[in-house]
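First the structure, in the form of structure tokens, and then the observations on it.
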Amino acid sequence: MTSSFTVQNADGYEQLMGRWSKQLAPPFIDFAGIADGERVLDVGCGTGSLTFALPQAANLGEIVAIDFSPVFVEAASQRNTDKKISIQQGDACALAFADGSFDRALALLVLHFVPEADKAVAEMCRVVRPGGVVAAAVWDHLGGMSGMRMVLDTAAMLDENAARIRSHYCFQPMTRPGEMKRSFMANGLTNVEETSLTIRMDYRSFSDFWEPIAAGEGPLGKYVASLPQDQRARTEAAVRAAFEAGEADGPRSFAAVAWACRGVVPSA
């Protein structure tokens, strides 16, 4: 499996997205549901936003977390102090676990960065026991990520290459309404439900918003880092103007919406 998410370092990811995935984890857990004693797989754990929220919600028997990126695996492992949690490198499209090994398989903000997302859903279904739950959440890139769309829409007015990147961003795998639900059903899950979850992304200033992007983190950062210096400066100035919106620099808050889906592995 390859991933379309660019990560330079764990701290940069935390500033770009990790702090927001931490906010999304509790409502996602409420939607996915967990119970005491269960064995849970966290697919694409990143720096551990979901992994370390799970023990706060239930007295789980075991949590196994995997991620494709060695940067994320190392960062999450360094944070881990819970003997019930194990963290390892792994491929969402080829999970190294036996059939029916887990009570639940959860994926928070992962599937839209997996080119073969349907294969990842199939693998999650395979490793969950009959009657167990598969659940995932992805950002609604087209209609629910106002802060990131602000950057892309601004950049697209300056550069036709940014317009192409915007199109890819807006229609990544599993981000369209009903797309995850259709995949879950096609993979044989029953009682499939889809909903949306909303948080607020609160920034202290434009610098707080822009720094990880300027440092090359994530898909937007990869684009910005590829620009010649003069074009990068024009882009930053234009995005700053959009962020400030005619007022002095300072705190800004953006709504962020994720699609969430869950389903039950049928009994044999």
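Numbering (numbering that gives the first Met the number 0), first residue to last: 0 to 267.
Backbone N, C-alpha and C define an ideal beta-carbon position, used for all residues, glycine too.
Open item on the list: If you reduce the DSSP assignment to three classes, tell me which class S252 lands in.
Closed with: The residue given as residue 252 occupies position 253 in the sequence shown. In this structure, S252 counts as strand in the three-state DSSP scheme.
Open item on the list: So, with DSSP's three-state summary, where would you put A257?
Closed with: As a working note, residue 257 is residue 258 in the sequence shown. In the structure shown, A257 sits in a strand (DSSP, three-state: E or B).
- [ ] Give the straight-line distance between the Cα atoms of F101 and C260, rounded to the nearest whole angstrom.
- [x] Residue numbering aside, residue 101 sits at position 102 when the sequence shown is read from its first letter. Residue numbering aside, residue 260 sits at position 261 when the sequence shown is read from its first letter. C-alpha separation (whole angstroms): 18 Å.
Task: Span separating the alpha-carbon of S225 from that of S85 - done: Position 226 of the sequence shown, counted from the start, is the residue given in the question as residue 225. Position 86 of the sequence shown, counted from the start, is the residue given in the question as residue 85. Spanning the two alpha carbons is a distance of roughly 36 Å.
- [ ] Pick helix, strand or coil for L151, following the three-state DSSP scheme.
- [x] To locate residue 151, count along the sequence shown from 1; it is residue 152. Three-state DSSP puts L151 in a helix.
Open item on the list: I need the DSSP call for N190, collapsed to helix, strand or coil.
Closed with: Working through the sequence shown from its first residue, we reach residue 190 at position 191. N190: strand per DSSP, three-state reduction.
Task: Through-space distance from I164 to I62, alpha-carbon basis - done: Here residue 62 corresponds to residue number 63 of the sequence shown, with the count starting at 1. Here residue 164 corresponds to residue number 165 of the sequence shown, with the count starting at 1. C-alpha separation (whole angstroms): 36 Å.
Open item on the list: Rounded to the nearest angstrom, what separates V238 and A106 at their Cα positions?
Closed with: If you number the sequence shown from 1, residue 238 lands on position 239. If you number the sequence shown from 1, residue 106 lands on position 107. C-alpha separation (whole angstroms): 31 Å.
TODO: Pair every Cβ in the segment 17 to 37 with every Cβ in the segment 86 to 96, then say whether three or more of these pairs are closer than 8 Å.
DONE: no
Open item on the list: Less than 9 Å between the beta carbons of V113 and A91, yes or no?
Closed with: Taking the first residue of the sequence shown as position 1, residue 113 is located at position 114. Taking the first residue of the sequence shown as position 1, residue 91 is located at position 92. Yes, the Cβ-Cβ distance between V113 and A91 is below 9 Å.
Task: Own chain, CB closer than 6 Å to I198, minus 5 neighbours either side, in chain order - done: Counting from 1 along the sequence shown, the entry for residue 198 is found at position 199. Closer than 6 Å at Cβ, skipping near neighbours: Q22, L23 and A255.
Open item on the list: For the beta strand (DSSP E) containing P129, name the first residue and the last one.
Closed with: Locating residue 129 in the sequence shown gives position 130, where the first residue counts as 1. Its beta strand (DSSP E) spans residues V127 to W138.
Task: Local conformation of D41 per DSSP, three classes - done: Residue mapping note: residue 41 aligns to position 42 of the sequence shown, counting from 1. In the structure shown, D41 sits in a strand (DSSP, three-state: E or B).
- [ ] Leaving out five residues on either side along the sequence, give the residues of the same chain with a beta carbon under 8 Å from the beta carbon of A97.
- [x] Taking the first residue of the sequence shown as 1, we reach residue 97 at position 98. Around A97: V126.
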